[in-house]
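There are 2 protein chains.
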Amino acid sequence: MTKTDPSRASVTLKDVAALVGVTSAAASMALAGSSRISQKTREAVKKAADDLGYVPSAAGRALRNQRAGAIALIVPNTSKHVFGHSYFMHVLTGMSTEANIRDLQVVLSTTTEQAGDVAAYDRVVRSRSADGAIVTSAAVTDSNLEDLVASGLPVVLIGNFPYLPRAVTVGIDDVAAGREITEHLLAQHGCTRLVHVTGPLDHQTGIDRRDGFLAAMDEAGLGDQAVIVEGDFSEEAGRAAVETLLDEGAVFDGIVFANDDMAFGGLEALTARDIPVPGGVPIVGFDDFGLSRVTTPGITTMHTPAEEMAALASQRLFDLIEGVENVPARSELPVRLVARASCGCLPG
Amino acid sequence: MTKTDPSRASVTLKDVAALVGVTSAAASMALAGSSRISQKTREAVKKAADDLGYVPSAAGRALRNQRAGAIALIVPNTSKHVFGHSYFMHVLTGMSTEANIRDLQVVLSTTTEQAGDVAAYDRVVRSRSADGAIVTSAAVTDSNLEDLVASGLPVVLIGNFPYLPRAVTVGIDDVAAGREITEHLLAQHGCTRLVHVTGPLDHQTGIDRRDGFLAAMDEAGLGDQAVIVEGDFSEEAGRAAVETLLDEGAVFDGIVFANDDMAFGGLEALTARDIPVPGGVPIVGFDDFGLSRVTTPGITTMHTPAEEMAALASQRLFDLIEGVENVPARSELPVRLVARASCGCLPG
DNA sequence: CTGAAAGCGCTTACAG
DNA sequence: CTGAAAGCGCTTACAG
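Chains A and B supply the protein sequences, listed in that same order.
The numbers in the first sequence follow our numbering, run straight up by one, and end at 353.
The numbers in the second sequence follow our numbering, run straight up by one, and end at 353.
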């Protein structure tokens, strides 16, 4: 069957070395392929390692190399609610792909307390459970992030952090993307009185997408018509925004939601009030993490390449860990408008 | 600001000990709260550790304690496609919650190759990157799993593995659940000619849900009417199953899909052929990982408590790692039928 | 060229 | 009672 020893006790380098009759130092070099060790010994050691099912101890290596061989994803408690399951799974997929290539582990660090977001990061890196970390979705108000970046520990942020110019970040151009999808409703669907339901305005994503919306409205000479309703990325916020608008008798001919979850909540609210989408009110969302494809109507959205962002962030992180010079501080990936039925592009 | 030293070099026990003027052994005991160390020294050491921002080295501890302080989730490459993003995120959430309570890390191990599923697991545990692992969604045909369980390494399987009686597993009663949701269509909606679109039949989940369907049909005296179409849990399989049925002119008055993804694919195919759901054909799915709530109509389904399963699996794993005797080999969590519009229970 | 010590950071068993 | 060595598993710098 398998060659691995099924016994519980773990096989160390010493066991391998003893089987061949060399020191563990020699065995180590042999497995590393050092030319210092004769080819014959090298092969004997490799065979012995194979036969015994030897796998190097992560702890032994980490201690000796001062390198954990792992990268961490920090998921602050709050952001799990804000960004949702699918976002983080895309991020984990991107990280895992890159980590696998380099034979590194991925450790997941979720925060329990509200306040301890950075403490969580700090613990992971200072305990050297991971050689660096990817942090995503931090709030603008989170001042600790600044100390973190200044500390010089390897960290890559996913998102946009204009107030942290020295941080290495990977993201998209939310302003341009927000403008583009707004222009879509204006130019392709003849909307003139648009509402924007924002994300949380203590997150740069929320701010930028709103600014993109306002820029598009201004450029179209419709700045006066622009209505802003503050949301928080939750489905419930989208629903509440629509209900409030309708209750107040607001006049509008389209809604730009800052993400798909809110667009879905809004869609349900509109449908519940017998306002057809897109016939009565065309709407658009943002993200395309999965939800927007499966609703009826499908939600027109800006595809945010979360997995690719995470993959690139991982590469940047590896560079930081390895001490590569001149790692680009900012990388932006392209987004792409995905036209579906909610704006009127596709048949319902 | 923070008390932590922002310098890159990490603080070791030796640094803490030096600051107080004791040996690192004494500092270790002081931090552990040993009564061997005078209260005064204990406090001084704790203060010094605090001031320096000392965090114990994971590698040092792991090597000394022969314990990684981490548990792993193994995600075989194939199962990512089979079970989808949301399932694994539920599992990770459940694991993280339990791991946080015990101050353990969660490491994520995704397999690259097709064949190397167990090798991946093996590497993680043998390298002692993790003290044990949770493995989910393994195929019945994966004979390596048997060796794995026999090896005595701490592992908990999520799912049902009747051919591995010695394995510690956490799951649901898929047969009973499959029967229950089938009975719902029979008893509540008067269906008599039901189709079942199965999951992959090399996974126990696929087999069990099918058997539950057949049992319900038999008990209702409708065994002759039961039609089985083999699927694989993918949306595309659900779509293809419906198209084939319609093309062949099959006669049926309801469909039991073995999961929600297939139900969604089937729903789209029915809608595309102008067959209203539930008016033309009532359908039900299985899982309730997120999708079934957001479709139109919402899909009636059996709620599978993935997060709770993962939490319980984690607890079982901790017990195995700690050598607790008589860890229950099998735990089953209750499922719950969630009635939505696709069967006709709720208004569209 | 090669053998074997030293040391990464930690904690406990041992010596005094 | 307390000081300090030993050793977890590994790899490299050093001694011979």
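Here a beta-carbon is modelled for each residue, glycine too, at the ideal position from N, C-alpha and C.
In this text the structure is predicted, and so the values were computed from the model without any measurement.
At a Cβ threshold of 8 Å, is residue i touching chain B?
i, result
"His308/A", "no"
"Ser132/A", "yes"
"His194/A", "no"
"Ser101/A", "yes"
"Ser43/A", "no"
"Leu68/A", "yes"
"Arg107/A", "no"
"Val140/A", "no"
Nearest chain A C-beta to residue i closer than 8 Å, yes or no?
i, result
"Pro61/B", "yes"
"Val180/B", "no"
"Phe269/B", "yes"
"His86/B", "no"
"Thr46/B", "no"
"Val160/B", "no"
Apart from the five residues on each side of it in sequence, which residues of its chain come closer than 6 Å, Cβ to Cβ, to residue i?
i, result
"Ala182/B", "Met307, Val340"
"Ser347/A", "Val282, Pro283, Ile288, Pro302, Ile304, Thr305"
"Ile163/A", "Thr141, Val175, Met314, Ala318"
"Ser161/B", "Note that residue 161/B is Val in the sequence shown here, rather than Ser. Within the same chain, Val161/B has close Cβ partners Ile139, Val173, Ala318, Arg321, Leu322."
"Asp216/B", "Val180"
"Glu312/B", "His95, Thr98, Gly99"
Applying a beta-carbon distance threshold of less than 8 Å, which residues of chain B neighbour residue i?
i, result
"Gln230/A", "Neighbours of Gln230/A on chain B: none; closest Cβ ~31 Å, over 8 Å."
"Ser15/A", "Arg131, Arg133"
Identify, in the order they occur along the chain, each residue of the same chain with its Cβ nearer than 8 Å to the Cβ of residue i, setting aside the five sequence neighbours on each side.
i, result
"Asp10/B", "Any reading at Asp10/B needs caution, since the residue's pLDDT is 38, under 50, leaving its predicted position unreliable; the model's value is listed next. Counting only Cβ-Cβ distances below 8 Å, and skipping sequence neighbours, we find Val16, Leu57, Gly58."
"Lys8/B", "The predicted model places Lys8/B with a pLDDT of 36, which falls under 50 and marks its position as unreliable; any figure quoted below should be read in that light. Here the set comprises Asp55, Asp56, Gly58."
"Val129/A", "Ala77, Ile79, Val112, Ser114, Ala135, Ala138"
"Ser33/A", "Leu18"
"Ala31/B", "Ala22, Ile42, Thr46, Val50"
"Val332/A", "Val173, Arg321, Asp324, Leu325"
For a contact meaning CB atoms closer than 7 Å, what does residue i contact in chain B?
i, result
"Leu113/A", "Leu97, Ser101, Val111, Leu113"
What does residue i touch in chain A if you count any residue whose Cβ is under 8 Å from its own?
i, result
"Thr146/B", "By Cβ distance, chain A contributes nothing, its closest Cβ being about 16 Å from Thr146/B, past 8 Å."
Near residue i, what residues of its chain come up, given a Cβ to Cβ distance below 7 Å and the 5 sequence neighbours on each side ignored?
i, result
"Asp213/B", "Asn165, Asp179, Val180, Gly183"
"Thr300/B", "Phe269, Leu272"
"Glu151/A", "Leu169"
"Ala280/B", "Ala is not the amino acid found at residue 280/B; the sequence shown has Ile there. The residues are Val286."
"Ala316/B", "Gly99, Thr102, Glu103"
Bridge partners of residue i, per DSSP?
i, result
"Ser336/A", "Val175/A"
"Ala77/A", "Val112/A, Ala138/A"
"Ile106/B", "According to DSSP, Ile106/B bridges with nothing at all."
"Val200/B", "Val232/B, Ile260/B"
"Leu219/B", "BP columns for Leu219/B are empty, so no partner."
"Arg341/A", "His308/A"
"Val289/A", "Val261/A, Thr305/A"
Give me the chain A residues within the contact set of residue i, using Cβ-Cβ distance strictly less than 9 Å, ordered along the chain.
i, result
"Ser91/B", "His90, Ser91, Met94, Gly295"
"Ala73/B", "Ala63, Ala64"
"Thr300/B", "Val299, Thr300, Thr301"
In chain B, what lies closer than 9 Å to residue i by C-beta?
i, result
"Gly58/A", "Asp127, Arg131"
**OP:** Mind the definition here: the stretch 205–213 of chain B touches the stretch 129–146 of chain B only if three or more C-beta pairs lie below 8 Å; say whether that holds.
**Re:** As far as the Cβ criterion goes, the stretch 205–213 of chain B touches the stretch 129–146 of chain B, which means the pair count is three or higher.
Subject >> Any 3 or more C-beta pairs closer than 8 Å across the stretch 99–116 of chain B and the stretch 67–80 of chain B >> reply: With a cut-off of 8 Å, the stretch 67–80 of chain B and the stretch 99–116 of chain B count as touching, because enough Cβ pairs lie within range.
**OP:** Decide yes or no for the touch test of the stretch 329–343 of chain A against the stretch 170–186 of chain A: beta carbon pairs closer than 8 Å, at least 3 of them.
**Re:** Counting C-beta pairs closer than 8 Å gives three or more between the stretch 329–343 of chain A and the stretch 170–186 of chain A, which meets the contact rule.
Original post:
Quick one: any contact between the stretch 286–297 of chain B and the stretch 319–328 of chain B, if contact means 3 or more CB pairs under 8 Å?
Top reply: Counting Cβ pairs under 8 Å, fewer than three are found: no touch.
Original post:
Taking contact to mean at least 3 C-beta pairs separated by less than 8 Å, is the stretch 17–25 of chain A in contact with the stretch 49–56 of chain A?
Top reply: Touching, yes.
Original post:
Counting Cβ pairs, one atom from each stretch, are 3 or more of them under 8 Å apart for the stretch 124–141 of chain B and the stretch 322–334 of chain B?
Top reply: Counting C-beta pairs closer than 8 Å gives three or more between the stretch 124–141 of chain B and the stretch 322–334 of chain B, which meets the contact rule.
Original post:
Would you call the stretch 61–78 of chain B and the stretch 92–107 of chain B touching, i.e. three or more CB-CB distances under 8 Å?
Top reply: Counting Cβ pairs under 8 Å, three or more are found: they touch.
Original post:
Are at least three pairs of beta-carbons, each pair with one atom in the stretch 221–240 of chain A and one in the stretch 184–195 of chain A, less than 8 Å apart?
Top reply: Cβ pair count under 8 Å is three or more, so yes.
Original post:
Are the stretch 241–250 of chain A and the stretch 190–206 of chain A touching, with three or more C-beta to C-beta distances below 8 Å?
Top reply: Counting C-beta pairs with one atom in each stretch, the stretch 241–250 of chain A and the stretch 190–206 of chain A have three or more that are closer than 8 Å, which means they touch.
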